[in-house]
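Colleague: Just so you know, the protein sequences line up as chains Y and G, in that order.
If you're matching positions, the first sequence starts at 1 in the working numbering and goes up one per residue.
If you're matching positions, the second sequence starts at 1001 in the working numbering and goes up one per residue.
Following this message is one structure expressed as structure tokens.
There are 2 protein chains.
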Amino acid sequence: MKTFEHVDCSRCDKRQSSVFCNTHGEPLENLSDSKTCSVYKKGQVIFHEGGHPFGVYCVNKGKIKLSIIGDEGKEQIVRLARDGDVLGYRSMLVNERYNATATVLEDSQVCFIPREIFMKTLRSDSSLSFEMMKLLSNQLREAEVKLTHLAQKPVRERLAETLLFLKETYGYEPDSTQIAVQLTREEIANLVGTATETAIRLLSELNKEGVIELSGKKISIKDVRELSRVANLND
Amino acid sequence: MKTFEHVDCSRCDKRQSSVFCNTHGEPLENLSDSKTCSVYKKGQVIFHEGGHPFGVYCVNKGKIKLSIIGDEGKEQIVRLARDGDVLGYRSMLVNERYNATATVLEDSQVCFIPREIFMKTLRSDSSLSFEMMKLLSNQLREAEVKLTHLAQKPVRERLAETLLFLKETYGYEPDSTQIAVQLTREEIANLVGTATETAIRLLSELNKEGVIELSGKKISIKDVRELSRVANLND
DNA sequence: TTTTCATTATGATTTTTATCAGTTCTGCCT
DNA sequence: AGGCAGAACTGATAAAAATCATAATGAAAA
């Protein structure tokens, strides 16, 4: 795995929207000096479910999926990460092995902050722990809502919701309504929580209806309003 | 809502296993002096989805369900609380409205810590924020695993898992293998994420198979090993 | 360019689960 | 005790989704 030009945290524009938004001065310099910056190629795994955490990963630029392998070996994608997101902190905080695998969806630049440095910062900078709590709280809420939808909503609605979620997370490609991430149909299914064939079928259904447009792995949203209606959010 | 004899936090034996396990001295006294202790009767609501959080609730003694109402008005139980558990902190940390409703399953004693006092303690006692992070981390992991099972496992397995989870959470009645909580079949269904009739059917199936025994709302586990096998955990 | 393999797509079928309908049971209230 | 309402149960049916099978497409490698 290659390293890339070291990014000075104090000059990283992703920091504003990350958990380090209120970290300044010496603690930040400390982080910046101790981290290593690496490039991961598409498909590479940053950490494995069951592995020991030695630090946290901060996404400088990239798109990453976090997935859990279920009992029958089926992947469930539980989270998607983008620029500024931090990964692997959960396992580190409770001192447990990773319960998810982080796989790079497209070439990414990721900084690694060693365990001790991060923990030290956490102790010295109370704003960081506060931000961590907020982050965890938000992710917990998201997980609980997802759980409810998984239990109660039909696949078609969940698929529509997932497409909108992908749009929110990664946005559109420049000058287009194509969602800026390439996922296989299987990955989409593993995000929705359904069989691959079902996901494929429902995607081409939405395509026929003119709500979305499929061209290879690229999905463009032709009618956001209608897609929201299909997702049946808050009625 | 009645109050009950004020419990001194420093003498509360539930504290050891709670987020306040490392809170001592003045911060703890402060909490103790500022809180109010109330008795909630079965069925009473401690806080409502959509309501504003004015503080956190600490369960002194009781059994409480946290549920989200889905789009079609169906309840999804997302968490169960017992002695020593703290509720409502998530919404307070991110300064949002409650996204779940807390309903008392059986008569409970609950202490209320006002927002400002809790936040002050959080700022002055770094061990508390650390414990909060650990708590949130654990709940996030649980939610993600639950999510995966909901997406991948059949209802029967999830029901078995839920029964084992109930046993872990509330234990058995004294000198018996009856799970120490009374839930309606509908509530069990809303915990599993299925239709009430399906839950009923599968429960009586497990009953016929001799894995569990039903007597009214009380469920006793006759064969834990077999129930674990039915739940199909880690194969 | 051809071959190869994985991904996508589509159809047929089965399985699972929800829904609907109706009955019995149980606890509670007067 | 009797009656009432909600909860639990059971059966029949419908709907949803998974699975199996097989074909088409497409991208990467020889």
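Note that the Cβ used here is the ideal one computed from N, Cα and C, for glycine as well.
With burial defined as no fewer than 16 other Cβ atoms inside 10 Å of the residue's Cβ, what is the status of Y/Q16: buried or exposed?
Modeller: Residue environment analysis places Y/Q16 among the exposed positions, since fewer than 16 neighbouring C-beta atoms fall within 10 angstroms of its C-beta.
Colleague: Where Y/Q76 and Y/T194 are concerned, what is the direct C-alpha to C-alpha distance, given to the nearest angstrom?
Modeller: Our two residues, Y/Q76 and Y/T194, have alpha carbons roughly 10 angstroms apart in a direct line.
Colleague: Select from G/E1157, G/I1064 and G/S1010 the residue whose C-alpha is nearest the C-alpha of G/L1078.
Modeller: Correcting the residue type first, residue 1078 of chain G is Val in the shown sequence and not Leu. Nearest of G/E1157, G/I1064 and G/S1010 to G/V1078, Cα basis: G/I1064.
Colleague: Which residues of chain Y have a Cβ atom closer than 8 angstroms to the Cβ of G/E1187, listed in chain order?
Modeller: By Cβ distance, chain Y contributes nothing, its closest Cβ being about 14 angstroms from G/E1187, past 8 angstroms.
Colleague: Mind checking if G/I1068 is an interface residue toward chain Y, Cβ cutoff 9 angstroms exclusive?
Modeller: yes
Colleague: For Y/A160, I'd like the list of residues in its chain whose CB is within less than 6 angstroms of its CB, leaving aside the five on either flank, ordered along the chain.
Modeller: L227, V230 and A231
Colleague: 9 angstroms is my cut-off, CB to CB: does Y/H48 come that close to chain G?
Modeller: no
Colleague: Could you name the residues of the same chain whose beta carbon sits closer than 6 angstroms to that of G/I1179, not counting the 5 residues immediately before and after it, in chain order?
Modeller: L1166, K1167 and I1219
Colleague: With Y/S204 as the anchor, note down where its alpha helix (DSSP H) starts and where it stops.
Modeller: Counting along the chain, the alpha helix (DSSP H) containing Y/S204 begins and ends at T196 to K208.
Colleague: Between G/H1006, G/E1005, G/R1011 and G/V1019, which has its C-alpha nearest G/D1125's C-alpha?
Modeller: Minimum Cα distance to G/D1125 is reached at G/V1019.
Colleague: Does the CB of Y/F118 have a neighbour CB from chain G at under 9 angstroms?
Modeller: no
Colleague: Consider the Cβ of Y/V78: report whether some Cβ of chain G lies at a distance smaller than 9 angstroms.
Modeller: It does: the Cβ of Y/V78 has a partner Cβ on chain G nearer than 9 angstroms.
Colleague: Kindly indicate which three-state DSSP category Y/F4 falls into: helix, strand or coil?
Modeller: Here Y/F4 sits in coil by DSSP.
Colleague: Do the region 1098-1108 of chain G and the region 1039-1054 of chain G make contact, defined as three or more Cβ pairs closer than 8 angstroms?
Modeller: yes
Colleague: Kindly identify the DSSP beta-bridge partner or partners of Y/C111.
Modeller: According to DSSP, which records beta bridges pairwise, Y/C111 is partnered with Y/C37 and Y/C58.
Colleague: Could you work out which residues of chain Y lie near G/L1028, taking near to mean beta carbons separated by less than 8 angstroms?
Modeller: Neighbours of G/L1028 on chain Y: none; closest Cβ ~19 angstroms, over 8 angstroms.
Colleague: Taking G/T1148 as the query, report the chain Y residues whose CB atoms sit under 8 angstroms from its CB, ordered along the chain.
Modeller: I68, G70, Q76 and V78
Colleague: Grouping DSSP H, G and I as helix and E and B as strand, with all else coil, what is Y/L66?
Modeller: Here Y/L66 carries a strand assignment [DSSP, helix/strand/coil].
Colleague: What first and last residue would you give for the beta strand (DSSP E) that runs through Y/K218?
Modeller: Where Y/K218 is concerned, the enclosing beta strand (DSSP E) stretches over K218 to I221.
Colleague: If you measure from the beta carbon of Y/Q16 to each beta carbon in chain G, is any gap under 9 angstroms?
Modeller: When Cβ-Cβ separations below 9 angstroms define contact, Y/Q16 makes no contact with chain G.
Colleague: Can you tell me which of the three DSSP states G/V1104 falls into?
Modeller: strand
Colleague: Which full runs of the alpha helix (DSSP H) of 4+ residues lie inside the region 141-179 of chain Y, going along the chain?
Modeller: 155-170
Colleague: Please go through the same chain and pick out, in chain order, the residues whose beta-carbon is closer than 7 angstroms to the beta-carbon of G/R1082, but skip the five residues on each side of it.
Modeller: V1059, K1063, T1169 and Y1170
Colleague: Measuring CB to CB, does G/T1036 end up less than 9 angstroms from G/F1112?
Modeller: yes
Colleague: Using a C-beta to C-beta distance shorter than 7 angstroms, which residues of chain G count as neighbours of Y/R293?
Modeller: With chain Y running from 1 to 235 in the structure shown, residue 293 of chain Y is simply not present.
Colleague: Within the continuous alpha helix (DSSP H) that includes G/R1082, where are the two ends?
Modeller: Neither: G/R1082 is in no alpha helix (DSSP H) and is coded neither H nor E.
Colleague: Is the Cβ of Y/S34 closer than 9 angstroms to any Cβ of chain G?
Modeller: no
Colleague: With G/Q1044 and G/E1106 assumed to form a contact (beta carbons below 8 angstroms), what rounded beta-carbon distance in angstroms separates them?
Modeller: At roughly 11 angstroms, the Cβ-Cβ gap does not stay under 8 angstroms, so G/Q1044 and G/E1106 are not in contact.
Colleague: How would you list, in chain order, the residues of chain Y whose beta-carbon sits under 8 angstroms from the beta-carbon of G/N1232?
Modeller: Within 8 angstroms Cβ-Cβ: D71.
Colleague: Is the beta carbon of Y/S38 closer than 9 angstroms to that of Y/V86?
Modeller: Going by C-beta atoms, Y/V86 is not nearer than 9 angstroms to Y/S38.
Colleague: Suppose you measure from the CA of G/K1042 to the CA of G/S1108; what does that come to, to the nearest Å?
Modeller: A direct Cα-Cα distance of roughly 8 angstroms separates G/K1042 from G/S1108.
Colleague: For G/S1137, return the contacting residues in chain Y, with the cut-off set at a CB-CB distance below 7 angstroms.
Modeller: R90, L93, V94 and L136
Colleague: Taking 9 angstroms as the threshold (beta carbon to beta carbon), is Y/Q152 in contact with chain G?
Modeller: yes
Colleague: Looking at G/L1164 and G/V1224, is the spacing between their C-beta atoms short of 9 angstroms?
Modeller: yes
Colleague: Applying a beta-carbon distance threshold of less than 8 angstroms, which residues of chain G neighbour Y/V145?
Modeller: I1068 and N1099
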